[in-house]
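One structure is given below, encoded as C-alpha cells.
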Amino acid sequence: MTSADNLQAFKRDGRIVIVGASLAGLRAAEALRGEGFTGSLTMIGDELGEPYDRPPLSKQVLTGWVSAGDTTLPRRRDVNAEWLLGVPATGLDLATNIVRLADGREIPFDRVLISTGVRARPWFVESEAALDGVFVVRTREHAEGLQRALAAGPSRVLVIGAGFTGSEIASICRERDIPLTVAELAPAPLVGALGAMIGEVAADMQRAHGVDLRCGVKVTQLEGDAQGHFRRAHFDDGSTIDADVAVVALGGIRNTEWLRGSGLAAGVWGIACDTGCRALTLNGLITDDIFVAGDVARCPNPIYEYRLISLEHWANAVEQAEVAAHNMVSGQADRWPHLSIPLFWSIQFGVNIKSVGVPTFADEVAVTQGSVSDHRFVAAYGYRGRVTAAVSFNNAKWLDHYRNLIETAAPFPPPCPTPDQPADMKPVPVDFPGPTLLAQGATVVVTGHDPGERRVTAAQYHR
Amino acid sequence: MRIVVDLSRCEGYAQCAFLAPDAFRMHGEEALMYDPSPDDARRDQVLRAAAACPVQAILVDQLEGRDAPVEASPS
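These protein sequence lines map, in sequence, to chains A and B.
With the working numbering, letter number 47 in the first sequence gets 67, and the count goes up by one each step, no holes.
With the working numbering, letter number 73 in the second sequence gets 251, and the count goes up by one each step, no holes.
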C-alpha cells in the first residue's frame, strides 16, 4: 500500500486473516471494524467456540463460583468475520500470502495478524503427564477438569511451580481448605518475576495460609497407581509426598512452531516485531503485511533499551491488538508505536498484587510506601539510578504515579512524600536467580497520552 | 449477559460490588472477583455498576439484545 488510493481500496475490499482467535485476535478484529475496514475478515483458531477470557480460569472458575464455559468475552461490536475454528494453522507462506491449515485448506490474505499466544508447558514425562489427576491450566477444558477434581475433595494437591498461576491455584486450594504442597525450584515463590525481596513476602503469605511450601526442590517423578491415577510425587532430595492431584504450573510455550520455515524471526521467545507490531524476518527486516500481537509477540521497548520483550499480560494483548489493527489499515505516516508500560495483576491469598514496568530490568529494589509485614506496600525497582518498575500489594491506586516515574526516567530511589512512609526504604539488591536483562545503555522518556501522540525522546543518563 | 473487567485498570474502589453484589465481589481489601456471565435479570444492576466504575474498567457486551454474537462455528 503505497498510495492513499490503494489504502482506501484495501480498507474497502482487502482480505485480512487473523490467526489466533483469543483475546488479542478478537480485540484486533473489533478494532479493524472500528477503523472502518469493510473487507473480508477471517478468524482462525485451534480451539472450538468463541473467544473467551483466561484470567478467571485460575481464579473464580477454580473456586467453583463461575463455570469455565461462562467466560466468553463480551463483544464491543459485530466483527462480521468468517470463523474457522477448531483447526490450527500449520504454515505461512510469505511469497504467496497464504495461511495453511491443518485440514489442508489454504487461506489467502493481503494482511495477516498473528496472535497464536502460548500454551501450557506440559509435564516433561509424557506417560506421567497422562496420569489421571495431573493437570495444567490454560484452556477452559483444563480449568473445568481441575475444578471437578478439587470439588471431589482430594486428600492433598501438589502444585509444581510457584509462579503466578501456581500461586493463584495454591491460594484457591487453601480457600477450599484442601491440604496442599507447593514445590518450587527457586528459593521462593514469584522470585523469577519479582526478585528475592518480594519472593520472601510471597513465601510468608503461603506459609501463613497453611501451604506446605518447599523451595529449592525439583519434582523428579509423578507416580501413578495400577488404575493410572496420580498418587505420589518424588523430589530430588529423595523425599516423597502422597497426593491425588498434581497441577503442573511451569509456564507456557509460545505457539510459533507453525511458522518454522516461514522466514519470520519466530522461535521459543516469540515472534520479533517492531513497536508498530510489524513482524521481523529472520534477517531482521520489517515485513509490510505481517503483524503480531499478544503473548506471542516480542516487541522492542525503548524504555528498556529497545530490548525485544514478550509479555503474557492481559492489557498487553489488548493494547497490541489495537495498535496492530490501526497500523494494518493506516498509511505509514499515520502509524502508532506500541509504547505502553507493562501492567500485570494477580490475586492470591486475599491480596491484590499488581506490577507496572519490567521488574526484572532492575539492579535494586526499595520499599517506598507502606509495610511489607502488613502485606500492604509498594516497592520500586531501579536500574542504574532510574525507576524501571514498581510492585504493589493491596496498594493499586498508586501505580499510575509509578508509571509516570518510569516513563520520565525518574531517579531511583524515588522521593515518596506520602503519609505511609515505610520504616526502612533503603534500596537492596534485587537478586534474581539466573541471568537477567541487565545491561548498560541510554535512557529515554515517553511523552503523549493518545496512542497516536505517544513518542519517545532520548534523555540524559542518570549515573 | 457477558462482561469482562480490565483488572489492570481496576483500583479496587468497590463501587461495582455495592451496586451489583451478585456479579462483583471484593476478595480481601482491594482485589475484585466477578462473574463474567451474570444472569440477564441482573442486567440493569450490572449496567449501573459499569457506569459507576471510577476507572471505567467494566466492559459489557454491546451485542446483547440484538443478534446473538455467536458467529463461531466449527468448520
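From the three backbone atoms N, C-alpha and C, an ideal C-beta is built for every residue, glycine too.
Separation of residue j from residue i, as counted between CA atoms
i                 : j                 : result
Arg-355 (chain A) : Gly-472 (chain A) : 7 angstroms
Thr-240 (chain A) : Pro-142 (chain A) : 14 angstroms
Ala-227 (chain B) : Val-183 (chain B) : 11 angstroms
Val-267 (chain A) : Ile-273 (chain A) : 16 angstroms
Asn-424 (chain A) : Ile-361 (chain A) : 10 angstroms
Ala-250 (chain B) : Val-338 (chain A) : Confidence is the limiting factor: at Ala-250 (chain B) the pLDDT is only 49, short of 50, which leaves the residue's position unreliable and the question unanswerable from this model.
Ala-208 (chain A) : Ala-269 (chain A) : 15 angstroms
Arg-318 (chain A) : Arg-158 (chain A) : 20 angstroms
Phe-196 (chain B) : Ala-109 (chain A) : 45 angstroms
Leu-242 (chain A) : Ser-175 (chain A) : 16 angstroms
Ile-198 (chain A) : Gly-186 (chain A) : 15 angstroms
Leu-214 (chain A) : Leu-210 (chain B) : 22 angstroms
Val-238 (chain B) : Thr-92 (chain A)  : 12 angstroms
Arg-32 (chain A)  : Ala-48 (chain A)  : 17 angstroms
Ile-192 (chain A) : Gly-405 (chain A) : 39 angstroms
Leu-200 (chain A) : Leu-178 (chain A) : 6 angstroms
Ile-261 (chain A) : His-395 (chain A) : 30 angstroms
Trp-103 (chain A) : Ile-38 (chain A)  : 10 angstroms
Gly-106 (chain A) : Leu-68 (chain A)  : 5 angstroms
Cys-223 (chain B) : Ala-198 (chain B) : Looking at the sequence itself, residue 223 (chain B) is Gln, so the reference to Cys does not match. Those two C-alpha atoms are separated by around 5 angstroms.
Ser-259 (chain A) : Gly-244 (chain A) : 16 angstroms
Leu-133 (chain A) : Ala-299 (chain A) : 9 angstroms
Ile-426 (chain A) : Gly-377 (chain A) : 7 angstroms
Thr-307 (chain A) : Thr-301 (chain A) : 7 angstroms
Asp-309 (chain A) : Thr-380 (chain A) : 32 angstroms
Arg-252 (chain A) : Asp-152 (chain A) : 12 angstroms
Gly-84 (chain A)  : Val-288 (chain A) : 34 angstroms
Lys-238 (chain A) : Ala-203 (chain A) : 7 angstroms
Ile-127 (chain A) : Asp-113 (chain A) : 10 angstroms
Ala-509 (chain A) : Ala-149 (chain A) : This structure cannot speak to residue 509 (chain A), because chain A is shown only from 21 to 483.
Trp-447 (chain A) : Val-231 (chain A) : Residue 447 (chain A) is actually Pro in this sequence, not Trp. Spanning the two alpha carbons is a distance of roughly 30 angstroms.
Distance between beta carbons of residue j and residue i, contact taken as under 8 angstroms
i                 : j                 : result
Cys-297 (chain A) : Gln-340 (chain A) : 6 angstroms
Val-476 (chain A) : Pro-320 (chain A) : Not quite, the Cβ-Cβ distance comes to about 11 angstroms (not below 8 angstroms), so this is no contact.
Ala-416 (chain A) : Gly-190 (chain B) : 6 angstroms
Val-211 (chain A) : Pro-453 (chain A) : 6 angstroms
Ala-386 (chain A) : Ala-409 (chain A) : Not really, about 12 angstroms apart at Cβ, beyond 8 angstroms.
Test: residue i CB closer than 8 angstroms to a CB of chain A
i                 : result
Gln-193 (chain B) : no
Val-119 (chain B) : Any answer about residue 119 (chain B) is impossible in this case: the structure gives chain B only from 179 up to 253.
Cross-chain neighbours of residue i in chain A, by beta carbon under 8 angstroms
i                 : result
Asp-184 (chain B) : Trp-334, Ala-335 and Val-338
Cutoff 8 angstroms: residue i Cβ touching any chain B Cβ
i                 : result
Arg-97 (chain A)  : yes
Ile-367 (chain A) : yes
Leu-210 (chain A) : no
Gly-45 (chain A)  : no
Gly-405 (chain A) : no
Ile-38 (chain A)  : no
Leu-200 (chain A) : no
Leu-166 (chain A) : no
Leu-363 (chain A) : yes
Ala-462 (chain A) : Confidence at Ala-462 (chain A) is low in this model, with a pLDDT of 41, below 50, so the placement of that residue is unreliable and no value is reported for it.
Chain B contact residues for residue i, given Cβ-Cβ distances below 8 angstroms
i                : result
Pro-75 (chain A) : Leu-185
Val-56 (chain A) : In the sequence as presented, Val is not what sits at residue 56 (chain A); that position holds Gly. Those do not exist, as Gly-56 (chain A) stays about 17 angstroms from chain B at its closest Cβ, beyond 8 angstroms.
Closer than 7 angstroms at the beta carbon, the chain B residues around residue i
i                 : result
Lys-238 (chain A) : By Cβ distance, chain B contributes nothing, its closest Cβ being about 31 angstroms from Lys-238 (chain A), past 7 angstroms.
Leu-205 (chain A) : Ordered by position in chain B, no residue passes the 7 angstroms Cβ test against Leu-205 (chain A), which lies about 27 angstroms from the chain.
Lys-79 (chain A)  : Met-211
Asn-372 (chain A) : Gly-190, Gly-206, Glu-208 and Ala-209
Lys-417 (chain A) : Glu-189
Proximal residues of chain B, C-beta to C-beta of residue i below 9 angstroms
i                 : result
Asn-414 (chain A) : Gly-190, Gly-206, Glu-207, Glu-208 and Ala-209
Pro-94 (chain A)  : Met-179, Arg-180, Ile-181, Val-182, Pro-214, Leu-237, Val-238, Asp-239, Gln-240, Leu-241, Glu-242 and Pro-247
Contact list for residue i against chain A, beta-carbon separation under 7 angstroms
i                 : result
Pro-214 (chain B) : Asp-73, Pro-76, Val-86, Asp-90 and Thr-91
* To do: Only counting runs of 3 or more residues, tell me where the beta strand (DSSP E) segments fall wholly within the segment 194-247 of chain B, in order along the chain.
  => 202-205, 209-212 and 236-238
* beta strand (DSSP E) segments (min. 3 residues) lying fully within the segment 301-341 of chain A -> 306-312, 317-321 and 327-329
* To do: Within the segment 344-425 of chain A, note down every full alpha helix (DSSP H) run reaching 4 residues or more, in order along the chain.
  => none
* Enumerate, from N- to C-terminal direction, the unbroken alpha helix (DSSP H) stretches of 4 or more residues contained entirely within the segment 40-117 of chain A. => Complete alpha helix (DSSP H) runs here, min 4: 43-54.
* To do: Would you mind listing the beta strand (DSSP E) stretches within the segment 246-279 of chain A that are 3+ residues and don't spill past its ends, in chain order?
  => 250-255, 260-262, 265-268 and 272-274
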